[in-house]
Amino acid sequence: MPPNTPSNVSNEQTKGLPFQQFPDLPNEIQRFIYSLVDVPSVCRAYVAFAPYWSVGPAADYLKKRTVNVSLVATTRSDTAINFDTLAKLPPCDVSVEATVRTWPHTTRRLDQVTVRSLSVDMNGEFGTRFHGNFHDLKHPLKSLKLFSVSLSTSQIPASVQHLQLSLCSQSFMRNLDTLENLEKLVLDSLLDNQITLPHSLVDISLAGEFHVDCNLPKLRVARDCDRYNLPWSQMETVTDCDGIPKVTSLDNLRSIHVRSSAVPVSFRGIWCPKLTVVKIFGYRADFRINDDDASSMFDDSQMAQLTELIAPDFTVTNFTPFESLQNVHVKLVEPLTDRLVLPSALETLAVSTEVPVTGVPSQIKTLCVAANHNDVSIASDNLRSVTLSQAHDVILSCPRLTCLKVSEFSGSIKLDIPKLESADIDGGKCDVVSVLSQISAASLKISYCSFQSLILNNPMDRLVLNGCKLDELTVEAWEVDIRMTIISRRTSITADTVNIHIYDEEVPAKLSLRCRKLSTPILDPRCYRDVESLTLWPKDHASSKFIPHNTLTPNALVDCQALEKLELKEISIASTKDDPLVIPATVKSLIIKDIMADELWLEFRDESRLEHFELTLSEYAANDSPCFTMETLGLHQKPPSFYCPLLENYH
1 MPPNTPSNVS NEQTKGLPFQ QFPDLPNEIQ RFIYSLVDVP SVCRAYVAFA PYWSVGPAAD
61 YLKKRTVNVS LVATTRSDTA INFDTLAKLP PCDVSVEATV RTWPHTTRRL DQVTVRSLSV
121 DMNGEFGTRF HGNFHDLKHP LKSLKLFSVS LSTSQIPASV QHLQLSLCSQ SFMRNLDTLE
181 NLEKLVLDSL LDNQITLPHS LVDISLAGEF HVDCNLPKLR VARDCDRYNL PWSQMETVTD
241 CDGIPKVTSL DNLRSIHVRS SAVPVSFRGI WCPKLTVVKI FGYRADFRIN DDDASSMFDD
301 SQMAQLTELI APDFTVTNFT PFESLQNVHV KLVEPLTDRL VLPSALETLA VSTEVPVTGV
361 PSQIKTLCVA ANHNDVSIAS DNLRSVTLSQ AHDVILSCPR LTCLKVSEFS GSIKLDIPKL
421 ESADIDGGKC DVVSVLSQIS AASLKISYCS FQSLILNNPM DRLVLNGCKL DELTVEAWEV
481 DIRMTIISRR TSITADTVNI HIYDEEVPAK LSLRCRKLST PILDPRCYRD VESLTLWPKD
541 HASSKFIPHN TLTPNALVDC QALEKLELKE ISIASTKDDP LVIPATVKSL IIKDIMADEL
601 WLEFRDESRL EHFELTLSEY AANDSPCFTM ETLGLHQKPP SFYCPLLENY H
């Protein structure tokens with residue numbers, strides 16, 4: 001509880017007082033602490049300190065951040081806040097997360113608050129038709145991101161400046177020129193290339209072979225576009241194009257990314273006074289028979305002004321002409337040693353080499369090496385990040401190294417990296433236990449490895465196991481993500497957020513799990529008694545293992561006294577009129593997706609707490625028109641947000 005300090009008491013008056021509580025700290029210290037935590041936590045701090053003088057640093061922080069808001073956000077979520085919390089904040093830049101089904105009630109809650117700017121991120125399912133209207137919003141819509149939603153241009157207000165459509169149906173979206181304020185457009189999975197674009201566009205990203213109307217006077221940035229239709233004279237950044245045009249000048253071009261070019265790429269003879277970044281991937285080898293040196297693509301002035309050159313299919317035999325390079329990715333002809341001559345500003349070096357690596361120049365802070373089964377031995381006081389692939393024996397002595405990624409290495413490894421914060425170990429024939437015994441990292445990812453046990457005694461930020469096989473796991477972390485992994489003996493996890501799918505028939509009897517948010521196919525109440533947000537989904541159908549207790553029993557959730565958000569995906573639910581599935585009194589959001597059963601009986605311990613209810617039928621259900629009623633669903637009235645087309649008299 002914040003101290004009862006009068007609002008007119010200044011920091012100067014309290015400087016001599018002992019710091020007994022957080023609000024007593026100087027403003028600059030509070031600001032620093034807020035910079036280290038997530039936005040929802042600062043929102044909750046603002047609400048707690050709002051009556052007191054100490055709220056200032058939290059208010060200053062929120063002025064510079066975007067606050068994510070969701071109708072179904074839980075009390076302690078670290079990614080979004082709910083509308084009750086938003087109503088207690090000063091006007092903020094807000095991004096609302098919603099689905100097509102939660103949108104009607106989301107708009108009602110939005111109309112009850114004041115925001116500085118509004119963005120919406122909406123998720124549908126398999127092209128769900130959106131019947132709402134963004135024009136009716138109280139606040140002007142600045143940014144709209146839609147995933148798997150079907151709608152027409154007329155439903156989008158002209159105030160939108162940023163529009164992103166991913167896996168959406170564009171059959172009703174041909175005339176985008178009505179969006180006169182649109183500056184940035186992202187279209188993924190484009191099916192129709194006959195879309196009319198507004199002249200206000202500055203930045204576009206288009207999927208497929210989309211033909212851009214050259215009459216876009218403000219266009220400066222483009223991704224995934226046909227090079228023949230771009231207004232190249234005005235372009236500043238072009239990404240994922242299939243080549244460069246046959247022109248004599250590119251006056252404004254600053255950055256270009258060419259992929260899978262069907263013709264040789266050369267900037268020689270083209271006036272490019274502002275070009276500093278060139279990236280070339282997927283270049284056909286038959287175009288480089290005579291000269292694969294990157295210098296063959298540029299004249300002297302172009303080489304001198306480049307700050308970034310990413311061309312992994314090319315070599316550089318002499319770095320001297322590239323005097324301004326800060327970041328480079330090429331094939332290295334000469335050995336990588338601490339005596340390699342590089343441009344003075346170069347700090348990021350990525351190379352592939354055919355000979356052993358014995359060192360790295362002292363100026364390099366970020367290093368990536370494809371070693372092609374050669375040994376790597378590096379001692380550097382300045383390296384901060386190292387990525388190694390296909391190395392044999394590895395020796396690293398780097399006192400300031402914070403990030404290490406190794407993949408497909410087959411020999412021994414010796415590490416002296418005391419400041420390591422993040423480690424990523426991927427496959428190969430390495431001795432993972434030996435690697436882990438030499439490091440202590442706050443974030444650890446291990447993929448496609450087999451080892452006996454993983455006992456992590458120090459609290460971590462994140463642990464990821466993917467495609468691994470081990471006997472025992474003990475970990476305490478903020479986030480734990482375990483996929484396609486076999487743990488044969490014992491698992492003990494303490495975390496905030498857990499995503500776990502373990503292929504073992506007996507794992508629930510040997511699983512100790514404490515977390516706030518859980519996503520899993522394991523249907524065992526012992527795993528989630530203290531969970532606040534729970535998502536249950538079926539086992540991986542490709543696996544030969546079966547998850548036990550694969551039917552949710554009527555009393556499975558009775559002891560979940562902290563549960564606020566419950567989502568069941570394709571879960572078999574055992575329920576009858578006399579023995580319904582009990583929903584704890586704490587639940588505010590219940591989503592049951594793709595139910596297979598002909599009937600569902602629910603019992604809410606406190607129906608008044610429910611804010612959102614959603615129920616849909618699986619496309620594989622034997623009966624495509626089951627009968628659900630308010631009585632079978634345990635409801636006396638519809639909650640504020642309600643979606644259940646299976647219900648009798650739903651509309």
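When the letters of the sequence shown are read in order and numbered with the numbering used here, they come out as residues 1 to 651.
Backbone N, C-alpha and C define an ideal beta-carbon position, used for all residues, glycine too.
Since the model is a prediction, treat every value here as computed from it, not as a measurement.
Using 8 angstroms as the cut-off, can you tell me whether the region 163-182 makes contact with the region 138-148, which would need three or more C-beta pairs spanning the two stretches below that distance?
yes
Rounded separation between V278 and E183 - CA only:
Position 278 of the sequence shown, counted from the start, is the residue given in the question as residue 278. Position 183 of the sequence shown, counted from the start, is the residue given in the question as residue 183. Answer to the nearest angstrom: the Cα atoms are 25 angstroms apart.
Ranges of the alpha helix (DSSP H) found wholly within the region 90-117, counting only runs of at least 4:
103-110
Just to confirm the assignment: which complete beta strand (DSSP E) runs, minimum length 3, are found wholly within the region 237-307?
237-241, 255-259, 277-281
Residues sharing a beta bridge with S512, DSSP
One-based indexing of the sequence shown puts residue 512 at position 512. S492, per the DSSP bridge assignment.
Please name the residue in A311, F409, A304 whose C-alpha comes closest to that of Y448.
The residue labelled residue 448 in the question sits at position 448 within the sequence shown. When only C-alpha atoms are compared, the closest one is F409.
Can you tell me the Cα-Cα spacing of V432 and E354, whole angstroms?
Stepping through the sequence shown from its first residue, residue 432 is reached at position 432. Stepping through the sequence shown from its first residue, residue 354 is reached at position 354. So the two alpha carbons sit approximately 25 angstroms from each other.
Write down the C-beta distance between T315 and D293 rounded to the nearest angstrom, noting that I regard them as a contact closer than 8 angstroms.
Looking up residue 315 in the sequence shown gives position 315. Looking up residue 293 in the sequence shown gives position 293. Indeed, because the Cβ distance is near 5 angstroms, the residues count as touching under 8 angstroms.
Tell me the DSSP secondary structure of R519 in three-state form.
Locating residue 519 in the sequence shown gives position 519, where the first residue counts as 1. Correcting the residue type first, residue 519 is Ser in the shown sequence and not Arg. Correct three-state label for S519: strand.
At 3 residues or longer, and completely inside the region 397-423: list those beta strand (DSSP E) runs for me, N to C.
403-407, 413-416
Measuring only the C-alpha atoms, how far is I547 from L137?
Along the sequence shown, read from residue 1 onward, the residue named residue 547 stands at position 547. Along the sequence shown, read from residue 1 onward, the residue named residue 137 stands at position 137. Its pLDDT being 43, under 50, I547 is placed unreliably in this model, and the value from its coordinates should be taken loosely. In a straight line, the C-alpha of I547 is about 45 angstroms away from that of L137.
Run through DSSP, which three-state label would I603 get?
Taking the first residue of the sequence shown as 1, we reach residue 603 at position 603. It is worth fixing the name first, because residue 603 is Glu in this sequence and not Ile. Reduced to three states, the DSSP call for E603 is strand.
Does the distance from the C-beta atom of P40 to that of A98 stay below 8 angstroms?
For the purposes of this step, residue 40 is taken as residue 40 along the sequence shown, with counting starting at 1. For the purposes of this step, residue 98 is taken as residue 98 along the sequence shown, with counting starting at 1. Against a cut-off of 8 angstroms, the Cβ pair of A98 and P40 comes out as no contact.
Spatial neighbours of T551 within its chain, please: CB distance less than 6 angstroms, with the 5 preceding and 5 following residues excluded, ordered by chain position.
Mapped onto the sequence shown, residue 551 falls at position 551. Closer than 6 angstroms at Cβ, skipping near neighbours: S572, A574.
Where L635 falls: helix, strand or coil (DSSP)
On the sequence shown, residue 635 is found 635 positions in, with the first residue counted as 1. Correct three-state label for L635: coil.
Would you mind reading off the limits of the alpha helix (DSSP H) that contains D60?
In the sequence shown, residue 60 corresponds to position 60, counting from 1. D60 -> alpha helix (DSSP H) spans 56-63.
Assuming N68 is part of the beta strand (DSSP E), what are its boundary residues?
Start at 1 with the first residue of the sequence shown, and residue 68 comes out as number 68. First-last of the beta strand (DSSP E) with N68: 66-70.
Rounded to a whole number of angstroms, what is the C-alpha to C-alpha distance between Q652 and T348?
Here the chain comprises residues numbered 1 to 651, so residue 652 is not present and cannot be evaluated.
Mind the definition here: the region 552-572 touches the region 590-598 only if three or more C-beta pairs lie below 8 angstroms; say whether that holds.
yes
L463 vs V480 beta-carbon contact at 8 angstroms:
Reading the sequence shown from its first residue, position 463 is the one you call residue 463. Reading the sequence shown from its first residue, position 480 is the one you call residue 480. Against a cut-off of 8 angstroms, the Cβ pair of V480 and L463 comes out as a contact.
Below 7 angstroms CB to CB, which residues in the same chain sit around T74 once its five sequence neighbours on both sides are set aside?
Within the sequence shown, numbered from 1, the residue matching residue 74 stands at position 74. Cβ within range, chain order: E532, S533, E564, K565.
Of the residues F451, L523, N457, the one placed nearest S488, counting alpha carbons only
In the sequence shown, counting from the first residue as 1, residue 488 sits at position 488. Ranking F451, L523, N457 by Cα distance to S488 puts F451 first.
Is the distance from the Cβ of L71 to the Cβ of R109 below 8 angstroms?
Indexing the sequence shown from 1 puts residue 71 at position 71. Indexing the sequence shown from 1 puts residue 109 at position 109. In this structure, R109 lies closer than 8 angstroms to L71 by Cβ.
For L36, count the other beta carbons within 10 Å of its own beta carbon; 16 or more makes it buried, fewer makes it exposed. Which is it?
Locating residue 36 in the sequence shown gives position 36, where the first residue counts as 1. Classification for L36: exposed.
Within its chain, find whatever has a CB closer than 6 angstroms to the CB of V94; leave out the 5 residues flanking it on each side and keep chain order.
Here residue 94 refers to the residue found at position 94 of the sequence shown. Cβ within range, chain order: V67, V69, V115, L118.
In angstroms with no decimal places, state the Cα-to-Cα distance between H135 and D111.
Translated into positions along the sequence shown, residue 135 becomes position 135. Translated into positions along the sequence shown, residue 111 becomes position 111. For H135 and D111, the distance between alpha carbons rounds to 13 angstroms.
Considering just the uninterrupted stretch of the alpha helix (DSSP H) at I29, what are its terminal residues?
Within the sequence shown, residue 29 is the residue found at index 29, counting from 1. Its alpha helix (DSSP H) spans residues 27-34.
Going by Cα to Cα distance, which pick from T358, T366, Q363 is closest to V376?
Working through the sequence shown from its first residue, we reach residue 376 at position 376. Looking at the Cα atoms, T358 is the closest of the given residues.
Give me, in chain order, the residues of the same chain whose beta-carbon lies closer than 7 angstroms to that of H541; leave out the 5 immediate sequence neighbours on both sides.
In the sequence shown, the residue the question calls residue 541 occupies position 541. Any reading at H541 must be qualified, since the residue scores a pLDDT of 43, below 50, and its modelled position is unreliable; no value is offered.
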